[in-house]
Amino acid sequence: MPEWPAAHGTSLSAAQQRAVLAADPVTGEVTASPSVLRALVAKRLADAYGRRGARYLTDFGRQVRARLEAAHRAALEPGPAPGPESGFTAATGEETGTAEPAPGRAAAAAAAWESLLEIRRMTGGGSRPQDTPAAWERTRTVAAVALALEAAGMPAAVADSAGRRIRAGYRVTEGAGPGQARVEWRPLPGTPAAAEAQRHLESCAAVLSRWGWEALLYQASGGVRFLAVTAPPP
Numbered sequence: 001m002p003e004w005p006a007a008h009g010t011s012l013s014a015a016q017q018r019a020v021l022a023a024d025p026v027t028g029e030v031t032a033s034p035s036v037l038r039a040l041v042a043k044r045l046a047d048a049y050g051r052r053g054a055r056y057l058t059d060f061g062r063q064v065r066a067r068l069e070a071a072h073r074a075a076l077e078p079g080p081a082p083g084p085e086s087g088f089t090a091a092t093g094e095e096t097g098t099a100e101p102a103p104g105r106a107a108a109a110a111a112a113w114e115s116l117l118e119i120r121r122m123t124g125g126g127s128r129p130q131d132t133p134a135a136w137e138r139t140r141t142v143a144a145v146a147l148a149l150e151a152a153g154m155p156a157a158v159a160d161s162a163g164r165r166i167r168a169g170y171r172v173t174e175g176a177g178p179g180q181a182r183v184e185w186r187p188l189p190g191t192p193a194a195a196e197a198q199r200h201l202e203s204c205a206a207v208l209s210r211w212g213w214e215a216l217l218y219q220a221s222g223g224v225r226f227l228a229v230t231a232p233p234p
């Protein structure tokens, strides 16, 4: 299958996605406005056949439709964060383990992130749908925010079996309301918590903002700094 979407310039618009998904399941005939049909032909997703010049999905178009259908199912059905077939759960900073990450952990996070970007491309709109949280992320904000941070190379906090923190890092929990997440920076014991938290939370906010999240820095009673993270209106 040709590389998608790079081989054809841009991802599909919302109207183009709807046309591909609504094509006749048997014949592949596509019904849409003339501008949408022209765009699908230009992207090699459809061709004109017959005396009336009706447009039908190409083999590539059928494969893209299958990927669109899979992406929509992944965005709407409950389940873990997208990842390789072996399964991947993004670190939220509430895990116990060792200070050093497990071998292959960074590669697994990168693969999971690419899967999520594919969902964004297939289900989003606009010229750069990969830059906006997908429906899947809006209903599982903690997992989505944790995946964005881990894939960007930010460390998650880790405690040992006795509950003592052995690695400084972010901690993602449920926010104050539906669709919100709270990100704190958990330092190692004995370190200047306030200064370290400010610096690292600003780095976390930059990562999240890059990928379409709204991340605002707050200070709670007692001086604890945190990010309140939400997705912008769809």
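In this text, residue positions in the sequence shown follow the numbering used here: the first is 1, and each later residue adds one. Just so you know, even glycine gets a beta-carbon here, dropped at the ideal spot from N, CA and C. Note that the coordinates shown come from a computational prediction; the quantities given were computed from them, not determined experimentally.
Item, Value
"From 184, 90, 159, 173, residue whose alpha carbon lies closest to that of residue 153", "90"
"The stretch 143-160 in contact with the stretch 94-102 per 3-pair CB rule at 8 Å", "yes"
"Those runs of the beta strand (DSSP E) which lie wholly inside the stretch 161-196 and span at least 3 residues", "165-167, 169-174, 180-186"
"Environment of residue 49 [buried if 16+ CB atoms lie within 10 Å]", "exposed"
"Alpha carbon of residue 44 to alpha carbon of residue 115, nearest angstrom", "24 Å"
"Supposed close pair residue 133, residue 215 - CB separation, criterion 8 Å", "That belief does not hold up - the Cβ atoms of residue 133 and residue 215 are roughly 12 Å apart, past 8 Å."
"Straight-line gap, residue 201 to residue 117 (C-alpha atoms, nearest Å)", "23 Å"
"Where residue 51 sits in the DSSP three-state scheme", "coil"
"Own chain partners of residue 65 with C-beta closer than 8 Å, once the 5 adjacent residues on each side are dropped", "20, 21, 23, 57"
"C-beta atoms of residue 256 and residue 229 nearer than 8 Å", "Outside the shown range of the chain (1 to 234) lies residue 256, about which nothing can therefore be said."
"Buried or exposed by the 16-neighbour rule on C-beta atoms within 10 Å, applied to residue 218", "exposed"
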